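> Reading the sequence shown from the start, the letters are residues 216 to 802 in the working numbering.
Handing you a structure now.
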Amino acid sequence: MKELQYLNKYFVKYKYHFLLGIFITIVAQIFSLFTPKLISKSFKAIEEFHKNDISASVVKNDLVSNILLIIATTLIAGILTFLMRQTLIVMSRHVEFDLKNEVFQHYEVLDQNFYKRNRTGDLMSRISEDVGKVRMYVGPAVMYTINTIIRFAVVIIYMFNVSPRLTLYSLLPLPFLAYIIFKLSTEINIRSTVFQQYLSKISTFSQEIFSGIRVVKAYSMENQYQEKMHDLAIESKTKSMKLATVQSLFGPLMVALIGISNLIVIYFGGMMYINKEHGMENIGTIAEFILYINMLTWPVASIGWVSSLVQEAEASQKRINEFLKIEPEIKNKTTENITIHGEIEFKNVTFTYEDTEITALENISFTVKKGETLAILGKTGSGKSTILSLITRMYDIKNGKITIDNTEIDKINLNDLRNSIGIVPQDAFLFSDTIKNNIKFGKENATDEEVFDAAKIAVVHDNIINFNKQYETILGERGITLSGGQKQRVSIARAVIKNPEILLFDDCLSAVDTETEEQILNNLLKISKGKTTIIVSHRVSSAKNADKIIILEEGKIIQEGSHNQLINQEGYYAELYLKQLSEKELN
């Protein structure tokens, strides 16, 4: 139960639901106990009639009166039980809502390295499967535990008041029950943890296949992956069956022990009635005790189910706790708000990725003044995209210094920093939403006119209006509905509509033809006046109008200057320029 202690704060938060549920449960149990007592009284009346102590009409009146009271008290107990469920189960739904939000919010603050180390399917499993198991603990498990404790307390008090000796006899099987529950619960905890791990594996595998379904189909790998899924499903089923085998032992064992208790009541109660012992003068007392024992049947039987729920929730909450304890490497070190103008400076920056230990940048230094455009060119893996990741503070550096407006980047409010940046990533990611909402992602309160203007700047407006639903067209997962070039241009529109102080373009025109590229670059040139712009590209055409160009190779700056300066120097830029110029002439 150590891991589940994390949920205590929610019990405190919803203490009024919790306490009201307990109160209703107590009252419901008291009303449910009227039935055995009234049945005992009915037996007593019938017995007295046979002894000629009372008349038939009196017995009849007593029986009718008792039946009406039984109906009334049963109805009241039923209504109170309904209210109990509404109070405690509703509380569990509130806790589920809060816990899912807490997990999701923690996902949002975690850094890039975390998402590199963890698979999406596993993360989805924690926020769905694991939180669902925890809700079953907070709701049904807690409710039935409270119900069982209160019922045991109330019923045993009633039983002792009638016959302490017979009560002790009838409760003899309980120590064996406690031992069995302990042993089975331990085994359930072990098997439940293993089963949850396999559920996570299936979720991860399925998510990856669904995301890459086009590749799977293109390579005609459906049968191979179906076999892998079949193997995973078989393993998961095996673990599930092992868990179900242990869980299924609870029911029969509980019923057997309750049956033994009934036999004990009948035998010892009968002997005590024959001997006219104190409290057993009435044959109805035996019937009353049998009803009490049967009233304990479901609570006792539910102990097994509740115990398995608790064990499963313990395993799930452990996974959630492990995740919630992870501290983000990128932290917002200040809450002070500032206005960012856009001057960027790198001073002797060296950066190594921790997971691969690859040094992406080595002793990099450059300055981009407010309103200037910097173009970064270089071969694949030279460190171009890493520079943009460092400017958006997706990673923190250990060597060197990065400043924005002469303030070290890690001392700037992280929200202010990222709100002042519009970035178009290399891999254009679009949401499964309308095209309009994907563009408005950069500015949620944007008007339709602003959306249209941004799309025109990105030269994608004409494509969109040719769709049947135009800007209301729903995109498939990751924007699969659109071509590569269209996705890139919608992504550019999303960055432009934000009207940020800093614009970052990470090779975002690679899937666009040269004519469209020229139109977009001219449009960006107009809107980027007064804004700091950094363009990462493989094309000279994207870089030629920049105020400054730097060439990277293996994380180092090997050339630096304007377009005119670099084409007159021997080196990578001039060679690239001549190569692309000749390719253009051939086309």
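C-beta atoms are modelled at their ideal positions from N, C-alpha and C, and glycine is treated no differently.
Note that this is a predicted model, so its numbers are computed, not measured.
Please state the DSSP three-state secondary structure of N783.
In the sequence shown, counting from the first residue as 1, residue 783 sits at position 568. DSSP places N783 in coil when its eight states are reduced to three.
> In three-state terms, what does DSSP make of T565?
Working through the sequence shown from its first residue, we reach residue 565 at position 350. T565: strand per DSSP, three-state reduction.
> If you compare alpha carbons, which of T419, L458, S307 is closest to D337?
Working through the sequence shown from its first residue, we reach residue 337 at position 122. Ranking T419, L458, S307 by Cα distance to D337 puts T419 first.
> Counting along the chain, where does the beta strand (DSSP E) carrying L589 start and finish?
Locating residue 589 in the sequence shown gives position 374, where the first residue counts as 1. Run containing L589: 588 to 593, per the beta strand (DSSP E) assignment.
> Return the CA-CA distance between E800 and G657, expressed in angstroms with no decimal places.
The residue labelled residue 800 in the question sits at position 585 within the sequence shown. The residue labelled residue 657 in the question sits at position 442 within the sequence shown. At E800 the pLDDT is 48, less than 50, meaning the model places this residue with poor confidence and gives no usable figure here.
> Out of D677, E218, Y352, T250, which has the shortest C-alpha to C-alpha gap to Y507?
In the sequence shown, residue 507 corresponds to position 292, counting from 1. Answer by Cα proximity: T250.
> Check each candidate in K594, A287, E537, I765 and name the one with the smallest Cα separation from H321.
Working through the sequence shown from its first residue, we reach residue 321 at position 106. Measuring from the Cα of H321, the nearest candidate turns out to be E537.
> Please specify which runs of the beta strand (DSSP E), each continuous and at least 3 residues long, are wholly inside the segment 218 to 301, giving them in chain order.
Counting only runs of 3 or more, we get nothing.
> Just checking my contact of R704 with V675 at CB under 8 angstroms: how many whole Å lie between their CB atoms?
One-based indexing of the sequence shown puts residue 704 at position 489. One-based indexing of the sequence shown puts residue 675 at position 460. Yes, R704 and V675 are in contact; Cβ-Cβ is about 4 angstroms, under 8 angstroms.
> By alpha-carbon positions, which one of D326, K771, R341 ends up nearest to T565?
Residue 565 sits at position 350 when you count from the first residue of the sequence shown. When each option's Cα is compared against that of T565, the closest is K771.
> In chain order, what residues of the same chain have a beta carbon less than 6 angstroms from the beta carbon of N362, not counting five sequence neighbours either side?
Taking the first residue of the sequence shown as position 1, residue 362 is located at position 147. Only T240 meet the Cβ criterion.
> Give me the residue from L399, I518, S476, L234 with the minimum Cα distance to A459.
Here the question's residue 459 lines up with position 244 in the sequence shown. Residue L399 is the option with its Cα nearest to A459.
> Which same chain residues end up closer than 7 angstroms to E218 when comparing Cβ atoms and leaving out the 5 residues on each side of it in sequence?
For the purposes of this step, residue 218 is identified with residue 3 of the sequence shown, where counting begins at 1. Only E529, Q532, K533, N536 meet the Cβ criterion.
> Taking I773 as the reference, give the member of I473, Y788, A761, D762 with the closest Cα.
To locate residue 773, count along the sequence shown from 1; it is residue 558. Out of I473, Y788, A761, D762, Y788 has the C-alpha closest to the C-alpha of I773.
> Assign P390 to buried or exposed, taking buried as 16 or more other Cβ atoms, counted over all protein chains shown, within 10 Å of its Cβ.
Here residue 390 is taken as the residue at index 175 of the sequence shown, counted from 1. With fewer than 16 Cβ atoms within 10 Å of its Cβ, P390 is classed as exposed.
> Where do the ends of the alpha helix (DSSP H) carrying G347 lie?
In the sequence shown, the residue the question calls residue 347 occupies position 132. Where G347 is concerned, the enclosing alpha helix (DSSP H) stretches over 346 to 351.
> Enumerate in chain order the residues of its own chain whose CB-to-CB distance from E542 is below 7 angstroms, with the five nearest sequence positions on each side excluded.
Indexing the sequence shown from 1 puts residue 542 at position 327. Excluding sequence neighbours, E542 sits near nothing in its chain.
> Start and end of the beta strand (DSSP E) containing K616?
In the sequence shown, counting from the first residue as 1, residue 616 sits at position 401. Looking at the DSSP string, the run of the beta strand (DSSP E) that includes K616 is 614 to 619.
> Whole angstroms is fine: what's the gap from L278's alpha carbon to K256's?
Position 63 of the sequence shown, counted from the start, is the residue given in the question as residue 278. Position 41 of the sequence shown, counted from the start, is the residue given in the question as residue 256. Each residue's alpha carbon lies about 9 angstroms from the other.
> Here's the rule I'm using: 16 or more other beta-carbon atoms within 10 Å means buried, otherwise exposed. How should M456 be labelled?
For the purposes of this step, residue 456 is taken as the residue at position 241 of the sequence shown. With fewer than 16 other Cβ atoms within 10 Å, it is exposed.
> State whether the segment 548 to 566 contacts the segment 367 to 380, with contact taken as three or more CB pairs (one from each stretch) at a distance under 8 angstroms.
Not touching, per the Cβ criterion.
> Would you mind giving the Cβ-Cβ distance between N678 and Q701, rounded to the nearest angstrom? I have them listed as a contact below 8 angstroms.
What you label residue 678 is simply residue 463 of the sequence shown in a count that begins at 1. What you label residue 701 is simply residue 486 of the sequence shown in a count that begins at 1. With a Cβ gap of about 6 angstroms, N678 and Q701 count as contacting.
> Residue range of the alpha helix (DSSP H) that I742 falls in?
Here residue 742 refers to the residue found at position 527 when the sequence shown is read from its first residue. Unbroken alpha helix (DSSP H) run through I742: 729 to 742.
> For D721, which residues does DSSP report across the bridge?
On the sequence shown, position 506 is the one that residue 721 refers to. The partner list for D721 (beta bridge, DSSP) reads V751.
> Are there three or more Cβ pairs, one per stretch, closer than 8 angstroms when the segment 339 to 351 is compared with the segment 283 to 303?
The answer is no - the segment 283 to 303 does not touch the segment 339 to 351, with fewer than three Cβ pairs under 8 angstroms.
> Tell me, please, whether the segment 565 to 574 touches the segment 626 to 646 by the rule of three or more beta-carbon pairs shorter than 8 angstroms.
With the cut-off at 8 angstroms, the segment 565 to 574 and the segment 626 to 646 do not touch.
> For the alpha helix (DSSP H) holding Q703, just list the boundary residues, first then last.
In the sequence shown, counting from the first residue as 1, residue 703 sits at position 488. Taken as a continuous stretch (DSSP letters only), the alpha helix (DSSP H) holding Q703 covers 699 to 711.
> Taking C-beta to C-beta, are D721 and L603 nearer than 7 angstroms?
For the purposes of this step, residue 721 is taken as the residue at position 506 of the sequence shown. For the purposes of this step, residue 603 is taken as the residue at position 388 of the sequence shown. Taking 7 angstroms as the Cβ cut-off, D721 and L603 qualify as a contacting pair.
> Buried or exposed: which applies to N281, given that a residue is buried once 16 or more other Cβ atoms fall within 10 Å of its Cβ?
As a position in the sequence shown, residue 281 is number 66, starting the count at 1. With 16 or more Cβ atoms within 10 Å of its Cβ, N281 is classed as buried.
> Bridge partners of G596, per DSSP?
Numbered from its first residue, the sequence shown carries residue 596 at position 381. According to DSSP, which records beta bridges pairwise, G596 is partnered with nothing at all.
> Per DSSP, Q774 forms a beta bridge with which residues?
Looking up residue 774 in the sequence shown gives position 559. DSSP lists I766 as partners of Q774.
> Assign N362 to one of three DSSP states: helix, strand, or coil.
Translated into positions along the sequence shown, residue 362 becomes position 147. In this structure, N362 counts as helix in the three-state DSSP scheme.
> Between the Cα of K585 and those of L592, I579, H556, D611, spot the shortest distance and give me the residue it belongs to.
The sequence position of residue 585 within the sequence shown is 370, counting from 1. Cα-wise, what sits closest to K585 is H556.
> Does DSSP classify E659 as helix, strand or coil?
Position 444 of the sequence shown, counting from 1, holds the residue named residue 659. Three-state result, E659: coil.
> Tell me E560's beta-bridge partners as DSSP assigns them.
Within the sequence shown, the letter at position 345 stands for residue 560. Beta-bridge pairing links E560 to T582, T618.
> DSSP three-state label for V639, please.
In the sequence shown, counting from the first residue as 1, residue 639 sits at position 424. Correct three-state label for V639: strand.
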